[in-house]
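J.: Numbering (my numbering), first residue to last: 162 to 506. Sharing a structure below in structure tokens format, with a few things to ask.
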């Protein structure tokens, strides 16, 4: 990719209108460019054939589409595919494609590494190396070989979405706007550990579903697992969420990785019930994908089922998320860490 040229991918219609105005092109050209980008998924400006040749040349002098194909992939026996995408900074991020019957979900990344440093996450072990642009985020969808089959997108890959909120909101605007992908925001879920002020802004400015990483209802234990607890406690997160309406189409959920004997006890279940009382939400229990150098035991199926049944019986709708891609280490960070080590970075 030519680093000297600005990237069109990720631009809103208003930004494209500004581009064409600066280049002295007709205002309607912006809508044509948006259509070529977000509906036709062209790879080059020269493919935008309803722009005059002179305007294509003018646009190409300073701009490029900015799409980049994945450079590596791993295929699971269950159909899950993990892709490694290059980003503008020269780093790499992971994207996981998860087909499931008539649904196909894409788990996208929003940062290279992560500042949150959760104990159980390989991405956090990489350290933080930068946030992705809206174009880098959208490229994971734009350049996905299975793009046309997608039904859902989850921001649950590498990075903390609230720590890169401007770019995440720009990307979701393109995904949900008429000039862009025209998706319903109900097809998009954005996850967070809970970041003070940023989570409230997201809830105010976006209609996408929200998923909160809980992993323990006990503040002291959660802080050991997730240092972000110190800045915005799970209690504060829940109190904020209670100010919003999740009783209709927009959904609120909590992600909960189960560790044997650590956070899968009846005591934890009781505390979850107490914490979430009065909030319309669901809990997703998740099997732990082991990562190198982390001595945390995953809970067995029987313990997870007992916890699910206890929570559901006490009014907290709970599911066990199917484990996908375990044979290709689909948990975040493993493929990009390997690439980074191979490159000697």
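Even glycine gets a Cβ: it sits at the ideal position worked out from N, Cα and C.
Go ahead and label residue 409 buried or exposed: buried means 16 or more other beta carbons lie within 10 angstroms of its beta carbon, across all protein chains shown.
T.: It is exposed - the Cβ of residue 409 has fewer than 16 other Cβ atoms within 10 Å.
J.: Here's a check: name, in chain order, each residue in its chain whose Cβ is nearer than 7 Å to the Cβ of residue 229, leaving out the five neighbours to either side.
T.: Taken in chain order, the residues that qualify are 162, 246, 247, 300, 304.
J.: Using only CA atoms, which one of 482, 427, 416 lies nearest to residue 475?
T.: The shortest Cα separation from residue 475 among 482, 427, 416 belongs to 427.
J.: To the nearest angstrom, how far is it from the Cα of residue 477 to the Cα of residue 464?
T.: Their Cα atoms are separated by approximately 17 Å.
J.: Following the continuous alpha helix (DSSP H) through residue 223, name the residue where it begins and the one where it ends.
T.: It spans 214–223 - the alpha helix (DSSP H) in which residue 223 sits, taken as one unbroken run.
J.: What does residue 255 pair with, by DSSP beta-bridge criteria?
T.: Residue 255 is bridged to 245.
J.: Exposed or buried, what is residue 178 when buried is set at 16 or more other beta-carbons lying within 10 Å of its beta-carbon?
T.: Buried, since its Cβ has 16 or more Cβ neighbours within 10 Å.
J.: Give me the residue from 170, 353, 487 with the minimum Cα distance to residue 199.
T.: Per the Cα distances, 170.
J.: DSSP on residue 407, reduced to helix/strand/coil?
T.: DSSP places residue 407 in coil when its eight states are reduced to three.
J.: Can you tell me whether DSSP reads residue 415 as helix, strand or coil?
T.: Of the three classes helix, strand and coil, the one that applies to residue 415 here is strand, per DSSP.
J.: For residue 289, which residues does DSSP report across the bridge?
T.: 274, per the DSSP bridge assignment.
J.: Taking the alpha helix (DSSP H) that residue 420 falls in, what are its first and last residues?
T.: Taken as a continuous stretch (DSSP letters only), residue 420 belongs to no alpha helix (DSSP H), as it is neither H nor E.
J.: Three-state secondary structure (DSSP) at residue 233?
T.: Of the three classes helix, strand and coil, the one that applies to residue 233 here is strand, per DSSP.
J.: How many angstroms separate the CA atom of residue 250 from the CA atom of residue 372?
T.: Between residue 250 and residue 372, the C-alpha separation is close to 28 Å.
J.: What residue does the alpha helix (DSSP H) around residue 300 start on, and which one ends it?
T.: 295–303 is the span of the alpha helix (DSSP H), which, as asked, contains residue 300.
J.: Quick test of your reading: residue 447 and residue 416, contact by CB under 8 Å. State the CB separation rounded to the nearest angstrom.
T.: Indeed, because the Cβ distance is near 6 Å, the residues count as touching under 8 Å.
J.: Please determine if the region 313–320 and the region 256–275 are in contact, where contact requires at least 3 C-beta pairs separated by less than 8 Å.
T.: Result yes; three or more Cβ-Cβ pairs closer than 8 Å.
J.: Is it buried or exposed, residue 236, if we count other Cβ atoms within 10 angstroms and call 16 or more buried?
T.: When all chains shown are included, residue 236 counts as exposed.
J.: What's the C-alpha gap between residue 412 and residue 368?
T.: Cα-Cα distance, rounded: 9 Å.
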